[in-house]
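If you count the sequence shown from 1, position 279 lands on 278 in numbering that gives the first Met the number 0, and the numbers rise without skipping. Ideal placement from N, C-alpha and C gives every residue a C-beta, glycine not left out. Only a predicted model underlies this, so the values are computations on that prediction, with no experimental measurement involved. Structure first, then comments.
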Amino acid sequence: MFRKTVGLASAGALALGLGAALVPSAQAAQSASGSTTATTAACALRLGSVTSTGAFTSRMVNATAPITIGGVRGTAGVFPANQVQHISTFTGTPLGSGESRSGLTVMGGALYSSSFVVDSQSQLDPHYPHNNLRIGGGWSNYRWIEQSVLRPANAGDPARTLLYGQRTDGITQRWISDGSGWRITSGVGGLSTVKGIALIGRTATSETFLANTRSGALVTVTWPTKYLAAPTSKVVRGTTWQGFEQLIATKCGTSGTLLLGIDKETKSGYLYAVGHANGTSTVIKSLGKVPLTFSDPQYFRIAPKYDVLNGG
(Lines of atoms letter the chains of each structure in order from A and count residues from 1; the text may use other names and numbers.)
(Lines give C-alpha, C1' and ligand atoms only; values in the text may rest on other atoms or scores of the structure.)
Protein backbone atom coordinates (compact mmCIF):
# COMPACT_ATOMS: atom_id res chain seq x y z
CA MET A 1 0.00 0.00 0.00
CA PHE A 2 2.83 2.38 0.80
CA ARG A 3 5.86 3.53 -1.13
CA LYS A 4 8.65 5.44 0.56
CA THR A 5 9.49 8.81 -0.93
CA VAL A 6 13.17 8.95 -0.12
CA GLY A 7 13.70 12.32 -1.75
CA LEU A 8 11.65 14.00 0.93
CA ALA A 9 14.18 13.12 3.59
CA SER A 10 16.60 15.79 2.36
CA ALA A 11 14.22 18.60 3.23
CA GLY A 12 15.56 20.19 6.39
CA ALA A 13 12.99 22.93 6.83
CA LEU A 14 9.23 23.00 6.84
CA ALA A 15 7.50 24.48 3.79
CA LEU A 16 4.27 22.78 2.66
CA GLY A 17 0.43 22.68 2.84
CA LEU A 18 -2.46 20.27 3.58
CA GLY A 19 -6.17 19.66 3.74
CA ALA A 20 -8.65 17.57 5.77
CA ALA A 21 -11.19 14.91 4.91
CA LEU A 22 -12.70 11.58 5.94
CA VAL A 23 -15.90 9.60 6.73
CA PRO A 24 -18.02 6.52 5.76
CA SER A 25 -21.55 6.20 4.46
CA ALA A 26 -22.27 3.56 7.06
CA GLN A 27 -23.89 6.22 9.23
CA ALA A 28 -26.68 4.16 10.68
CA ALA A 29 -25.16 0.72 10.27
CA GLN A 30 -23.69 -1.06 13.24
CA SER A 31 -20.34 -2.39 12.12
CA ALA A 32 -20.22 -5.30 14.53
CA SER A 33 -22.27 -6.93 17.22
CA GLY A 34 -21.20 -7.34 20.80
CA SER A 35 -19.77 -4.93 23.32
CA THR A 36 -16.66 -2.84 22.72
CA THR A 37 -13.67 -2.99 25.01
CA ALA A 38 -14.27 0.70 25.69
CA THR A 39 -16.92 1.65 28.21
CA THR A 40 -18.93 4.36 26.49
CA ALA A 41 -20.94 5.49 29.52
CA ALA A 42 -18.35 8.04 30.64
CA CYS A 43 -16.88 8.82 27.22
CA ALA A 44 -17.04 12.22 25.60
CA LEU A 45 -15.32 14.05 22.75
CA ARG A 46 -14.46 17.72 23.11
CA LEU A 47 -15.30 19.13 19.70
CA GLY A 48 -13.87 22.38 18.44
CA SER A 49 -14.78 24.36 15.35
CA VAL A 50 -13.84 27.52 13.49
CA THR A 51 -16.77 29.55 12.22
CA SER A 52 -16.89 31.61 9.03
CA THR A 53 -16.25 34.74 11.11
CA GLY A 54 -13.08 33.25 12.64
CA ALA A 55 -14.54 32.42 16.06
CA PHE A 56 -13.25 29.39 17.98
CA THR A 57 -15.97 27.20 19.51
CA SER A 58 -15.91 24.35 22.02
CA ARG A 59 -18.58 21.84 23.08
CA MET A 60 -18.82 18.30 24.41
CA VAL A 61 -20.26 15.38 22.44
CA ASN A 62 -21.34 12.86 25.06
CA ALA A 63 -21.66 9.13 24.37
CA THR A 64 -24.89 8.88 26.33
CA ALA A 65 -28.06 7.08 25.24
CA PRO A 66 -29.29 9.06 23.43
CA ILE A 67 -26.25 11.14 22.45
CA THR A 68 -26.21 14.58 24.08
CA ILE A 69 -24.38 17.81 23.24
CA GLY A 70 -23.01 20.22 25.84
CA GLY A 71 -23.46 23.96 25.59
CA VAL A 72 -21.31 25.75 23.04
CA ARG A 73 -18.65 28.20 24.24
CA GLY A 74 -17.56 30.63 21.54
CA THR A 75 -14.48 32.87 21.41
CA ALA A 76 -14.70 35.67 18.84
CA GLY A 77 -11.72 37.19 17.03
CA VAL A 78 -9.32 34.25 17.25
CA PHE A 79 -8.76 34.00 13.48
CA PRO A 80 -9.43 36.28 10.49
CA ALA A 81 -12.81 35.62 8.88
CA ASN A 82 -12.90 32.87 6.23
CA GLN A 83 -9.12 32.32 6.37
CA VAL A 84 -8.57 28.98 8.16
CA GLN A 85 -8.05 26.32 5.49
CA HIS A 86 -6.87 23.49 7.75
CA ILE A 87 -6.50 23.05 11.49
CA SER A 88 -4.87 20.45 13.73
CA THR A 89 -5.94 19.11 17.08
CA PHE A 90 -5.70 21.92 19.64
CA THR A 91 -4.45 21.48 23.21
CA GLY A 92 -6.44 23.07 26.03
CA THR A 93 -4.68 23.60 29.37
CA PRO A 94 -6.39 25.12 32.44
CA LEU A 95 -4.93 28.52 33.36
CA GLY A 96 -6.40 30.29 36.35
CA SER A 97 -10.15 30.53 35.79
CA GLY A 98 -9.69 30.18 32.04
CA GLU A 99 -7.73 28.08 29.58
CA SER A 100 -4.65 28.28 27.36
CA ARG A 101 -5.18 26.89 23.84
CA SER A 102 -2.65 26.11 21.12
CA GLY A 103 -2.38 24.27 17.81
CA LEU A 104 -1.47 24.59 14.14
CA THR A 105 -3.45 26.17 11.32
CA VAL A 106 -3.09 26.79 7.61
CA MET A 107 -4.20 30.25 6.48
CA GLY A 108 -3.59 31.80 3.10
CA GLY A 109 -1.41 28.86 2.07
CA ALA A 110 0.96 29.29 5.04
CA LEU A 111 1.41 27.26 8.23
CA TYR A 112 0.85 29.08 11.52
CA SER A 113 1.35 28.33 15.19
CA SER A 114 -1.79 29.64 16.86
CA SER A 115 -2.19 30.26 20.59
CA PHE A 116 -4.41 32.28 22.89
CA VAL A 117 -5.88 32.34 26.40
CA VAL A 118 -9.55 32.63 27.32
CA ASP A 119 -11.08 33.84 30.57
CA SER A 120 -13.87 32.20 32.56
CA GLN A 121 -16.41 33.42 29.98
CA SER A 122 -14.43 31.91 27.07
CA GLN A 123 -13.48 35.35 25.77
CA LEU A 124 -9.94 36.34 24.77
CA ASP A 125 -8.01 37.31 27.89
CA PRO A 126 -6.18 40.59 27.10
CA HIS A 127 -3.60 39.89 29.80
CA TYR A 128 -2.03 37.17 27.65
CA PRO A 129 -0.63 37.15 24.08
CA HIS A 130 -2.91 36.16 21.21
CA ASN A 131 -0.64 34.83 18.48
CA ASN A 132 -0.97 33.50 14.95
CA LEU A 133 2.75 33.14 14.19
CA ARG A 134 3.73 32.31 10.62
CA ILE A 135 5.99 29.24 10.35
CA GLY A 136 6.33 29.00 6.57
CA GLY A 137 4.61 29.07 3.20
CA GLY A 138 3.93 26.40 0.62
CA TRP A 139 0.91 24.80 2.30
CA SER A 140 -1.75 25.55 -0.28
CA ASN A 141 -1.43 22.08 -1.88
CA TYR A 142 -2.19 20.05 1.25
CA ARG A 143 -5.36 18.11 2.00
CA TRP A 144 -5.01 17.99 5.79
CA ILE A 145 -2.68 18.52 8.72
CA GLU A 146 -2.49 16.95 12.17
CA GLN A 147 -0.27 17.57 15.16
CA SER A 148 0.52 14.85 17.71
CA VAL A 149 1.91 15.85 21.09
CA LEU A 150 3.31 13.16 23.40
CA ARG A 151 3.68 14.69 26.84
CA PRO A 152 4.26 11.91 29.40
CA ALA A 153 2.96 12.38 32.93
CA ASN A 154 6.42 11.28 34.12
CA ALA A 155 8.76 14.19 33.41
CA GLY A 156 11.65 11.78 33.00
CA ASP A 157 10.11 10.06 29.99
CA PRO A 158 10.81 11.44 26.48
CA ALA A 159 8.34 13.87 24.95
CA ARG A 160 7.80 14.63 21.26
CA THR A 161 5.72 16.77 18.93
CA LEU A 162 5.03 15.53 15.39
CA LEU A 163 3.30 17.17 12.45
CA TYR A 164 1.65 15.15 9.68
CA GLY A 165 0.41 16.47 6.36
CA GLN A 166 -0.85 15.03 3.09
CA ARG A 167 -0.25 16.78 -0.21
CA THR A 168 -2.81 16.77 -2.98
CA ASP A 169 -0.65 14.27 -4.92
CA GLY A 170 -1.15 11.74 -2.10
CA ILE A 171 2.31 12.04 -0.53
CA THR A 172 2.01 12.03 3.27
CA GLN A 173 4.85 13.63 5.21
CA ARG A 174 5.92 13.85 8.83
CA TRP A 175 8.01 16.39 10.72
CA ILE A 176 9.34 16.54 14.27
CA SER A 177 9.73 19.67 16.35
CA ASP A 178 13.34 19.94 17.49
CA GLY A 179 12.91 23.02 19.65
CA SER A 180 14.04 25.53 17.03
CA GLY A 181 11.87 24.46 14.09
CA TRP A 182 10.45 21.48 12.22
CA ARG A 183 12.59 18.75 10.68
CA ILE A 184 11.13 16.29 8.17
CA THR A 185 11.56 12.66 9.24
CA SER A 186 9.59 10.59 6.75
CA GLY A 187 7.39 10.63 3.67
CA VAL A 188 5.36 7.97 1.89
CA GLY A 189 3.00 7.52 -1.01
CA GLY A 190 0.13 5.07 -1.15
CA LEU A 191 -2.37 7.05 0.90
CA SER A 192 -3.95 8.96 -1.99
CA THR A 193 -7.27 7.10 -1.61
CA VAL A 194 -7.67 8.20 2.01
CA LYS A 195 -10.52 10.65 2.58
CA GLY A 196 -9.78 11.38 6.21
CA ILE A 197 -7.65 10.29 9.11
CA ALA A 198 -7.76 10.44 12.92
CA LEU A 199 -5.08 9.65 15.48
CA ILE A 200 -6.20 6.84 17.84
CA GLY A 201 -2.98 5.44 19.36
CA ARG A 202 0.34 6.82 20.53
CA THR A 203 3.29 4.96 22.11
CA ALA A 204 6.96 5.71 22.65
CA THR A 205 7.80 4.09 19.29
CA SER A 206 4.79 4.46 16.98
CA GLU A 207 1.53 6.26 16.24
CA THR A 208 -1.66 4.70 14.87
CA PHE A 209 -4.38 6.36 12.80
CA LEU A 210 -7.84 5.27 11.75
CA ALA A 211 -8.62 6.23 8.15
CA ASN A 212 -11.40 5.76 5.63
CA THR A 213 -10.95 5.48 1.87
CA ARG A 214 -12.91 6.56 -1.17
CA SER A 215 -13.75 2.92 -1.89
CA GLY A 216 -15.36 2.54 1.54
CA ALA A 217 -12.67 0.73 3.53
CA LEU A 218 -11.83 1.57 7.12
CA VAL A 219 -8.16 0.90 7.93
CA THR A 220 -5.58 1.46 10.62
CA VAL A 221 -2.26 3.03 9.66
CA THR A 222 0.60 2.48 12.12
CA TRP A 223 3.69 4.63 11.61
CA PRO A 224 6.89 3.96 13.62
CA THR A 225 8.45 7.17 14.89
CA LYS A 226 12.04 6.35 13.94
CA TYR A 227 13.67 8.29 11.13
CA LEU A 228 12.56 7.30 7.59
CA ALA A 229 10.29 4.55 8.93
CA ALA A 230 7.41 3.51 6.67
CA PRO A 231 3.87 2.87 7.95
CA THR A 232 1.89 -0.36 7.74
CA SER A 233 -1.86 -0.76 7.36
CA LYS A 234 -4.59 -3.22 8.38
CA VAL A 235 -8.14 -3.42 7.09
CA VAL A 236 -10.74 -2.93 9.81
CA ARG A 237 -13.81 -2.93 7.55
CA GLY A 238 -13.85 -3.46 3.79
CA THR A 239 -16.91 -1.42 2.77
CA THR A 240 -19.50 1.27 3.65
CA TRP A 241 -17.17 3.90 5.16
CA GLN A 242 -16.80 6.18 2.13
CA GLY A 243 -19.48 8.71 3.12
CA PHE A 244 -17.55 10.70 5.72
CA GLU A 245 -15.40 13.67 4.81
CA GLN A 246 -13.79 13.86 8.25
CA LEU A 247 -13.03 11.59 11.21
CA ILE A 248 -12.34 12.87 14.72
CA ALA A 249 -11.37 10.53 17.56
CA THR A 250 -10.63 10.54 21.27
CA LYS A 251 -9.87 8.02 23.99
CA CYS A 252 -12.75 5.93 25.36
CA GLY A 253 -12.12 3.58 28.27
CA THR A 254 -8.67 2.09 28.80
CA SER A 255 -7.97 0.93 25.24
CA GLY A 256 -10.82 2.05 23.00
CA THR A 257 -11.82 5.01 20.88
CA LEU A 258 -14.84 7.28 20.55
CA LEU A 259 -15.08 8.07 16.83
CA LEU A 260 -17.03 10.88 15.19
CA GLY A 261 -17.69 10.72 11.46
CA ILE A 262 -18.78 13.94 9.73
CA ASP A 263 -20.72 13.94 6.46
CA LYS A 264 -20.18 17.46 5.14
CA GLU A 265 -22.68 17.05 2.31
CA THR A 266 -25.56 16.50 4.72
CA LYS A 267 -23.94 18.48 7.58
CA SER A 268 -24.47 15.52 9.89
CA GLY A 269 -22.32 13.49 12.25
CA TYR A 270 -22.42 9.93 13.57
CA LEU A 271 -20.79 8.54 16.70
CA TYR A 272 -19.14 5.13 17.12
CA ALA A 273 -17.56 3.23 20.01
CA VAL A 274 -14.51 1.41 18.66
CA GLY A 275 -12.70 -1.31 20.58
CA HIS A 276 -8.92 -1.62 20.58
CA ALA A 277 -7.83 -1.84 16.93
CA ASN A 278 -7.26 -5.45 15.86
CA GLY A 279 -7.85 -5.64 12.12
CA THR A 280 -11.19 -7.09 11.05
CA SER A 281 -11.73 -8.37 14.61
CA THR A 282 -12.08 -4.79 15.85
CA VAL A 283 -15.49 -4.29 17.48
CA ILE A 284 -17.38 -1.20 16.30
CA LYS A 285 -20.71 -0.15 17.78
CA SER A 286 -22.84 2.57 16.19
CA LEU A 287 -24.14 4.98 18.84
CA GLY A 288 -26.32 6.94 16.43
CA LYS A 289 -26.66 10.34 14.84
CA VAL A 290 -25.27 13.34 16.70
CA PRO A 291 -27.98 15.99 17.39
CA LEU A 292 -25.97 18.81 15.86
CA THR A 293 -25.80 20.51 12.45
CA PHE A 294 -22.19 20.49 11.26
CA SER A 295 -22.24 23.73 9.28
CA ASP A 296 -18.95 25.36 10.32
CA PRO A 297 -16.03 25.35 7.84
CA GLN A 298 -13.61 23.52 10.17
CA TYR A 299 -13.99 20.91 12.92
CA PHE A 300 -11.29 19.41 15.14
CA ARG A 301 -10.62 17.90 18.56
CA ILE A 302 -9.60 19.84 21.64
CA ALA A 303 -7.25 17.61 23.64
CA PRO A 304 -6.08 17.84 27.25
CA LYS A 305 -2.45 18.60 28.11
CA TYR A 306 -1.77 14.95 28.95
CA ASP A 307 -3.49 13.29 26.01
CA VAL A 308 -3.42 9.51 26.35
CA LEU A 309 -4.47 7.57 23.23
CA ASN A 310 -4.52 3.77 23.55
CA GLY A 311 -6.93 2.80 20.77
CA GLY A 312 -4.27 1.46 18.43
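- Under the 8 Å Cβ criterion, the segment 230 to 243 counts as touching the segment 269 to 284, having at least three qualifying pairs.
- The closest CA to that of Thr239, considering only Val218, Thr253, Trp222, is found on Val218.
- Just so you know, the alpha carbons of Ser121 and Ser57 end up roughly 9 Å apart.
- In the DSSP assignment, Ala210 falls within the beta strand (DSSP E) that extends over 205 to 212.
- For Asn81, the CB contacts under 6 Å within the same chain, skipping 5 residues up- and downstream, are Ser51 in chain order.
- DSSP places Phe55 in the uninterrupted beta strand (DSSP E) bounded by 55 to 61.
- Taking a cut-off of 8 Å on C-beta distances, the segment 244 to 252 does not touch the segment 218 to 229, as fewer than three cross pairs fall below it.
- The criterion of a C-beta distance shorter than 8 Å is not satisfied by Ser191 and Gly164.
- Rounded to the nearest angstrom, the gap between the Cα atoms of Arg100 and Tyr271 is 27 Å.
- As a beta-bridge residue in DSSP terms, Asn131 pairs with Ser113.
- Counting only the Cα atoms, Ala210 lies some 11 Å from Leu258.
- When the beta-carbon positions are compared, Gly188 and Ser139 stay at least 8 Å from each other.
- Pairing Gly69 with Ala203, the inter-Cα distance amounts to about 33 Å.
- In the displayed model, Ala41 falls within a helix according to three-state DSSP.
- Excluding five sequence positions before and after Cys42, the CB atoms of its chain that fall closer than 6 Å to its own CB belong to Ala62, Cys251, Leu257, given in chain order.
- Between Gly268 and Pro65, the C-beta spacing is not below 8 Å.
- In the structure shown, Gln146 adopts extended strand secondary structure according to DSSP, grouped into three states.
- When rounded, the separation of the alpha-carbon atoms in Trp174 and Gly102 is 15 Å.
- The Cβ atoms of Gln241 and Lys194 sit closer than 8 Å to each other.
- In terms of Cα proximity to Ser113, the closest of His126, Arg133, Leu94 is Arg133.
- Beta bridge pairing from DSSP links Ser267 with Asp262.
- In this structure, the straight-line span from the alpha carbon of Tyr305 to that of Gly215 is close to 33 Å.
- Sequence-distant Cβ neighbours of Ala158 in its own chain, meaning closer than 7 Å and more than five residues away, are Leu149, Arg150, Pro151.
- When beta bridges are read from the DSSP output, Asn153 appears opposite no residue.
- The residue from Thr88, Thr231, Thr292, Phe55 with its alpha-carbon nearest to that of Arg72 is Phe55.
- Residue burial annotation: Glu98 is buried, with at least 16 other C-beta atoms found within 10 angstroms of its C-beta.
- Within the same chain, Thr221, Trp222, Pro223, Thr224 come within 7 Å of Ser205 by CB-CB distance, once the 5 residues on both sides are set aside.
- DSSP, read as helix, strand or coil, puts Phe299 in strand.
- Taking all protein chains shown into account, Asn309 has 16 or more neighbouring C-beta atoms within 10 Å of its C-beta and is therefore buried.
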